[in-house]
Structures are given as structure tokens and as C-alpha cells.
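S.K.: Quick one: the structure is below, questions incoming.
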DNA sequence: TATTAGATTGAGAACGTTCTCAAGAATAAA
DNA sequence: TTTATTCTTGAGAACGTTCTCAATCTAATA
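Residue numbers (this note's numbering), protein chains in the order written: chain A, 3 to 357; chain B, 3 to 357.
Quick look at the structure:
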């Protein structure tokens with residue numbers, strides 16, 4: 003009683019389930035039943051409890067709930083950087099879906115750095131996060147050291163991969179149909195008459211390798227030899243890699259008539275190089291890129307558009323499935339893409355039909 | 003013993019401080035001392051504990067720590083949408099700073115919706131989050147209902163505002179020097195000879211009002227009458243408001259020689275309208291906007307650049323100050339901006355010197 | 001009225017930490 | 001050797017929930 007009153011004086015004090023129970027004149031078990039909406043409670047008790055809750059403006063302590071119930075109502079999203087367009091659209095979609103289920107989202111930027119990814123996964127473990135959505139930094143060549151494998155393989159925390167796969171770790175994966183979409187995009191360029199198509203992408207990522215595979219098979223199908231010097235690799239961390247590599251391609255391959263950009267981060271800086279050289283699409287060169295953006299519309303760039311919303315939604319849905327049933331069999335979901343044809347691709351300038 | 007062994011078999015089981023204590027042959031109090039690095043522990047005990055920790059790959063349960071210590075090592079960032087360039091750059095900076103202090107970041111999108119902001123603040127309270135950084139939806143005219151005021155005023159959770167202020171709630175605020183920067187930007191346009199300068203912005207936000215104030219005072223100083231029909235208001239939620247409003251201004255004010263865009267979200271769609279009308283900057287119209295972006299560089303748009311990194315950094319620093327000392331006096335920090343002059347502003351086309 | 005089934009309730013253990021307190025061990029001083 | 005001082009240690013309470021279990025109460029049936 004004494005304590006209660008001293009609390010009342012401080013309008014900001016937070017109340018516990020015991021305070022509610024005392025005020026309502028019932029036990030905390032009964033309060034728990036009303037709050038948690040389980041068991042059976044008489045109408046009279048329920049009313050008293052709800053009144054007390056309202057009067058004290060009581061909110062249950064999620065931390066205590068988490069400790070007791072082993073569920074923190076939290077999912078973590080681990081990715082390179084929230085600044086990346088693909089990633090922030092993904093986080094947006096994930097948070098939206100999570101909210102619908104009263105879950106919150108912890109954001110973990112790895113800055114495309116292995117150590118930070120490991121550190122985040124450790125934190126996630128100790129935080130008892132309920133589930134993890136991971137766009138891993140792990141690139142195709144690299145092998146996860148044994149001492150960290152458990153962070154990826156533990157059955158305790160449901161985890162799914164989005165976009166990038168980690169070879170050797172079996173997890174659900176949700177991604178665009180990279181190979182097929184890339185095959186079709188390349189075929190489109192070929193159908194316009196292009197035979198020398200330069201490619202810019204961060205080769206180390208599984209996604210890009212899939213896209214390259216589609217590129218190669220389209221060329222092969224058309225009987226065009228694959229010239230690996232037309233494929234240039236962008237370090238993810240390099241600032242304005244697109245600009246440097248576009249310049250390299252343009253300098254070394256004067257016969258190149260189209261550029262195909264596989265990473266969404268690269269396109270802007272490729273355009274900067276074109277601007278610098280006063281080259282226009284599609285007259286001077288054709289350009290096709292992955293991932294849509296306001297820029298793409300403003301510059302009329304033909305684009306393979308990923309349905310990031312859909313990927314995010316599926317990721318959350320699948321994660322919740324796994325949270326309910328951790329034994330659910332692993333599988334990969336491929337989300338369709340859309341080739342949005344604008345005006346950046348034309349017939350090759352050296353071709354009879356070209357300008 | 004039995005239990006331990008059955009746990010060992012399941013390689014994924016997580017261990018508790020009791021398991022470590024048992025394996026090390028000490029009490030959990032001693033383990034706690036080693037983990038938490040306080041009190042005094044003999045070298046012998048310390049070694050045994052560390053070995054046990056390593057062997058079991060023990061990580062402390064943050065939830066239990068949180069319940070006991072009343073600190074969850076979490077800060078929440080509440081903002082309109084992570085998709086917004088300003089916001090995602092801010093979150094990026096905040097997460098980076100928070101990581102340095104071993105704090106994690108909970109992301110809360112309000113979708114510029116009042117109810118969602120309230121809901122998030124309630125969740126934040128029940129989650130025992132240690133601190134909140136808020137870009138509120140609350141617009142200048144609106145008053146927070148009494149029943150929700152405590153969510154903003156509670157002394158329990160340190161909270162600071164970024165970018166937007168809420169009139170009537172006294173909190174720390176960190177923002178750009180909106181009025182001064184806007185005054186100078188306008189002055190720059192005036193110095194080029196413009197007298198009819200259209201303005202597009204979401205008037206309801208305190209930031210925009212500050213920027214308008216700077217705009218007006220620059221005009222007044224130059225003896226130019228302020229024509230309020232040149233200032234058009236963009237609903238935040240409207241898709242491509244910039245395009246519609248640019249069209250409106252261009253249609254209704256043929257004498258307008260410059261457009262001044264106050265929201266970063268609007269510029270892209272303003273450009274779309276210019277593109278549609280085949281108008282070029284600076285020849286057909288001058289354009290000046292807030293917030294930098296790849297687009298601005300590609301289109302050579304003169305821009306008031308906000309130092310979002312710095313704002314984020316200061317926000318976290320200040321929040322931690324408040325977490326240590328909640329009584330610390332409230333104040334506002336204004337971060338300087340930079341007017342990056344590119345090529346989108348020229349002399350008015352109807353002027354003697356113009357095209 | 002006695003009996004039974006079902007509804008309602010509260011006491012108290014458990015979740016995994018932190019941290020106080022008092023006791024025991026080790027060392028230094030007398 | 002005894003006494004004082006400092007180190008080192010473990011038992012157990014506390015944080016705020018959830019949830020089991022047994023007890024009580026109600027109403028219906030025989």
C-alpha cells in the first residue's frame with residue numbers, strides 16, 4: 003500500500019502484474035489469464051482486471067515474458083547495408099509483415115564484412131531472437147571456419163537465406179529466378195543484334211554467378227562465343243566501381259555494343275562514366291541493368307526488376323512456418339522477375355540497321 | 003550430470019550459467035564475476051571458468067540479463083520509412099554508432115501514420131528499450147491526445163527527436179540548420195536574378211516550415227514580394243506529388259523562372275515532369291533541391307546537402323548521454339549543411355542575360 | 001440433501017541472469 | 001602463535017512474467 007502510493011506520485015513509474023493484481027483484488031495468475039487471454043476467468047474478475055490495467059496504464063514487460071516463454075517476438079535481419087536499395091526495400095517489406103504479427107525487427111548491417119556478420123550472429127544468439135533472415139557476406143569461394151559453422155547451422159534459431167546462398171549450408175533460400183531472368187535479358191539484347199555484350203557485376207556472389215550462367219547460356223544458344231574479358235568483376239566495397247569498370251570495358255572493347263549491369267549498386271556510376279564521355283543510350287551504346295530505381299525511369303533504362311516486396315513477404319511467411327515447425331523440409335523459392343523494356347537498348351551502332 | 007550429457011548429445015542446446023558453473027566446479031556467482039568482469043576472482047577459478055565457457059560455447063542470455071539489470075542494450079529508431087533516403091542514411095549511421103557500444107537497433111516504420119507511431123511507442127515501452135530516436139509523424143497543426151502524451155513525455159525512456167520537432171513536447175532535437183540554409187539557398191537564386199521562385203514542400207512538417215521561413219526572409223530582404231500561390235503543399239503520402247505539383251506550378255505560373263524543392267522525396271518526380279515537358283535545366287528553368295542523391299549528380303542539380311551521418315552520430319551520442327544522465331538539460335543541436343552548386347541554376351530565361 | 005462435474009482461483013516454481021551478504025581462506029602484521 | 005586485513009567464494013533473493021497444480025466454489029444432477 004505504502005509502496006503503491008509512492009509510486010503513484012511518480013507518474014512515470016511502470017507497473018507490474020503484481021500491482022495490477024493488488025489493485026484488482028485478484029492474484030497475478032488471474033491477471034495473467036486476462037492479459038494472455040487463456041484459461042477461464044469470471045466476468046467479474048475480468049472486468050476488475052481490465053479496469054486496473056486501464057487505470058495503471060499497465061503494459062506487460064516483454065523481457066520478462068521472453069525469459070519465461072522463450073519467445074522474444076523479435077526477428078533479426080542481417081544484411082550488407084540498409085543503404086542498398088534492394089536491402090532497404092526488403093527490410094521495409096519484412097518489417098511490415100512482422101508488424102502484422104506483432105513482431106519487431108532488429109537491423110544488423112554487416113557492411114559486407116565477415117567479422118561483423120559473425121558478431122551479429124553471436125549477438126542474435128545471445129539475444130534469443132526468434133528467427134533470422136540473412137543476406138550473407140559469404141562469397142562463393144569462401145568456406146566458413148568450423149568454429150563459426152554452428153552460428154549458421156544451429157537448429158535453435160530458425161534462419162533463412164534471402165538472395166544469396168551459402169554453399170555447403172543447407173537452408174531455405176528465397177531469391178529471384180536469377181539464371182532464367184538473366185538468360186532472357188541476354189536473349190533480348192541478342193535479338194536486337196548485339197554480339198559483344200560487356201558485363202559488370204560482383205562475381206563473388208552466388209546471385210551474380212547465377213546471372214552469369216544465364217548470360218552464358220543465352221550466348222551459347224545463339225552461337226556467340228563467350229569472351230571472358232568482356233566480363234569484369236566489381237569489388238563490392240569499391241566506391242564507384244561501376245564507373246571504373248565501365249571505363250575499362252569502353253577503352254578495351256571498342257567493338258562492345260551493349261553493357262549489361264548485374265548489380266543494382268553499379269548502375270548509377272556506370273551512367274556517370276557515360277555522361278563523362280558524353281555517350282547516350284541507346285544511340286552510342288545499349289544498357290541493360292538489374293533492379294529498378296527512380297534513376298532507371300528518368301534515364302529510360304531497360305531493367306530486370308526484382309519483386310522485392312514479394313521476396314520480403316515470402317521470407318517472413320517462411321520464417322514463421324519454420325518457427326512453428328523447425329523440422330519443415332528445406333527448399334528454395336524462386337520469385338519471378340520482370341523485364342521492363344524502356345529505351346536504353348537499341349540495335350548496335352555498327353550494324354547496318356544501327357545509327 | 004545426466005542432464006548435462008543428454009544436452010551434450012544435442013550439439014545445438016544452449017547452455018546456462020549453471021552449466022558453466024557445474025563444469026568449472028565453481029558457483030554461478032563466480033562465473034558471473036568472470037563474465038561480467040567485476041569483483042575479484044582467483045586466477046585458478048578464472049581459468050577454469052574461461053575453459054568451461056569455451057568448451058560449452060556459452061553465451062549469456064541477454065534477455066535474462068535485461069530482466070535483472072533493467073538494461074536491454076537496445077535502442078529503437080522510429081521513422082516514416084526506411085525507404086526514404088534521408089532515413090536510411092540516418093539509420094545506417096545510428097546502427098554503426100550503436101554497434102560500437104554493443105547496442106542493437108530496433109527499426110520501426112510508421113509509414114507516416116499516427117496510429118502506427120503510437121503503437122510502436124507502446125511496444126517500445128513494453129520492450130524496455132533503453133532509448134528512442136524519433137522522427138515523429140506529428141505535424142505542426144496536430145495536438146497529441148492527452149492519453150498518449152505519456153508516450154512522449156515519460157521520463158523512463160530517454161528519447162530524442164531528429165529532424166522534426168513536436169510543438170509542445172520538450173525534447174532534445176537534432177536537425178540541420180534549416181532556416182539559415184534555406185535563406186542562403188534562396189539568396190543564391192535571387193543573386194542569379196530570379197524573382198519568381200516556386201516552392202514545393204510538405205508544409206505540415208516543422209522542417210519545411212523552417213525552410214519556408216528562410217525562403218521568405220531572403221525574398222523580403224531583397225524586396226521581392228512573397229507570393230503564397232508560388233508555394234505548393236505536397237501531401238507526404240501522395241505518390242509522385244512532385245510531378246503533380248511541378249505541373250501545377252508550371253501551368254499556373256508561366257513567369258516562374260526557378261523551382262525550389264524542399265523535400266528529398268519530391269525531386270525525382272519533379273524531374274519526371276520536366277522530362278515530360280522536355281524542359282532542361284538551367285536553360286528552361288532553374289532547379290534547386292534539398293538532400294543529395296545519385297540522381298542529383300547525374301542531373302547536375304544544385305543541392306542543399308544535409309550531413310546525415312553527422313546527425314546520426316550526434317543523435318546516438320546525445321541519446322547515450324541522456325541514458326547516463328536523464329536529468330541532463332534539454333537542448334537543440336543544429337548541424338550545418340552545404341550548398342553544392344552544380345549546373346541546374348542559371349540566370350532566368352526571360353532576363354536580358356538569359357537564354 | 002448428497003454427489004458430481006465443471007468453472008474459477010491463488011500459491012508458488014521456473015525462466016537465466018545479477019548482486020548482496022556473510023562466511024571461509026589466505027595472507028600480513030604483531 | 002594469535003590477530004587483523006584482504007581475497008575469494010557460494011547461497012540465495014530478486015527481476016516480472018507464465019503456467020502447473022491443487023483447492024475452492026458453483027451449479028446441476030440424483
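Beta carbons are placed, not taken as given, at the ideal position from N, Cα and C, and that holds for glycine. Here the structure is a predicted model, which means the values were calculated and not measured.
1. Under a Cβ-count criterion, where at least 16 other Cβ atoms within 10 Å of its own Cβ denotes burial, should residue 284 of chain B be classed as buried or exposed?
2. Kindly indicate which three-state DSSP category residue 90 of chain A falls into: helix, strand or coil?
3. What would DSSP say about residue 101 of chain A, mapped onto helix, strand or coil?
4. Mind checking if residue 284 of chain B is an interface residue toward chain A, Cβ cutoff 9 Å exclusive?
5. Where does residue 322 of chain A sit, in a helix, a strand or coil, going by DSSP?
6. Is there contact between the segment 148-164 of chain A and the segment 220-229 of chain A, where contact requires at least three CB pairs shorter than 8 Å?
7. Please determine, among A:41, A:25, A:39, the residue with the shortest C-alpha to C-alpha distance to residue 60 of chain A.
8. Please state whether DSSP places residue 335 of chain A in a helix, a strand or coil.
9. Give the C-beta separation of residue 107 of chain B and residue 108 of chain A to the nearest angstrom, bearing in mind that I take them to be a contact with Cβ-Cβ under 8 Å.
10. Take residue 28 of chain B and list the residues in its own chain whose beta-carbon comes closer than 8 Å to its own, dropping the five residues that flank it on each side.
11. When the distance is taken between beta carbons, is residue 237 of chain A closer than 9 Å to residue 252 of chain A?
12. Could you pull the start and end residues of the alpha helix (DSSP H) that residue 111 of chain B belongs to?
13. Does the CB of residue 83 of chain B have a neighbour CB from chain A at under 9 Å?
14. Name the chain B residues whose beta carbon is nearer than 7 Å to that of residue 94 of chain A?
15. To the nearest angstrom, how far is the alpha carbon of residue 255 of chain B from that of residue 187 of chain B?
16. I need the DSSP call for residue 276 of chain B, collapsed to helix, strand or coil.
17. Using a Cβ-Cβ cutoff of less than 8 Å, which residues in the same chain neighbour residue 325 of chain B once the five nearest sequence positions on both sides are dropped?
18. Report yes if the CB atom of residue 90 of chain B is closer than 9 Å to the CB atom of residue 98 of chain A, and no otherwise.
19. In terms of residue numbering, what span does the alpha helix (DSSP H) encompassing residue 19 of chain A cover?
20. Beta-carbon separation of residue 308 of chain B and residue 263 of chain B under 9 Å?
21. Assign residue 192 of chain B to one of three DSSP states: helix, strand, or coil.
22. Express the C-alpha separation of residue 80 of chain A and residue 126 of chain A in angstroms, rounding to a whole number.
23. Helix, strand or coil for residue 290 of chain B, going by three-state DSSP, please let me know.
24. Identify the residues that DSSP records as bridge partners of residue 161 of chain B: which are they?
25. Which residues in chain B have a C-beta closer than 7 Å to the C-beta of residue 277 of chain A? List them in chain order.
26. Against chain A, with Cβ distances strictly below 9 Å, would residue 132 of chain B count as a contact?
27. Give the secondary structure of residue 79 of chain B by DSSP, where H, G and I count as helix, E and B as strand, and everything else as coil.
28. Do you know offhand how far residue 147 of chain B's Cα is from residue 163 of chain B's?
29. Exposed or buried, which one is residue 379 of chain A when buried takes at least 16 other CB atoms within 10 Å?
30. Can you tell me whether DSSP reads residue 96 of chain B as helix, strand or coil?
31. Determine which residues share a DSSP beta bridge with residue 203 of chain A and list them.
32. In chain order, what residues of the same chain lie with their CB nearer than 8 Å to the CB of residue 5 of chain B, ignoring the 5 residues before and after it?
33. Does the Cβ of residue 348 of chain A have 16 or more other Cβ atoms within 10 Å, making it buried, or fewer, making it exposed?
34. Quick check: is the beta carbon of residue 147 of chain A nearer than 9 Å to any beta carbon in chain B?
35. Pick helix, strand or coil for residue 245 of chain A, following the three-state DSSP scheme.
36. Considering only C-alpha positions, which residue in the set A:299, A:314, A:317, A:227 is nearest to residue 343 of chain A?
M.R.: This is what the structure gives:
1. The residue is buried, with at least 16 neighbouring Cβ atoms inside 10 Å.
2. helix
3. helix
4. no
5. DSSP places residue 322 of chain A in helix when its eight states are reduced to three.
6. Because the criterion of three Cβ pairs below 8 Å is not met, the segment 148-164 of chain A and the segment 220-229 of chain A do not touch.
7. A:25
8. strand
9. That belief holds up - the Cβ atoms of residue 107 of chain B and residue 108 of chain A are roughly 7 Å apart, short of 8 Å.
10. 47, 50, 51
11. With respect to the 9 Å criterion, residue 252 of chain A and residue 237 of chain A are not classified as neighbours on the basis of their beta carbons.
12. Per DSSP, residue 111 of chain B belongs to no alpha helix (DSSP H); it is in the beta strand (DSSP E), 106-111.
13. yes
14. 83, 84, 85, 111
15. 21 Å
16. Reduced to three states, the DSSP call for residue 276 of chain B is helix.
17. 132, 133, 160
18. no
19. 19-26
20. no
21. helix
22. 10 Å
23. strand
24. B:134
25. 300
26. No, no contact with chain A.
27. strand
28. 19 Å
29. Residue 379 of chain A lies beyond the range of chain A shown here (3 to 357); nothing can be said about it.
30. helix
31. Bridge partners of residue 203 of chain A according to DSSP: A:235.
32. Note that residue 5 of chain B scores 35 on pLDDT, short of 50, meaning its location in the model is unreliable and no value can be drawn from it.
33. Answer is buried; the Cβ neighbour count reaches 16.
34. no
35. helix
36. A:299
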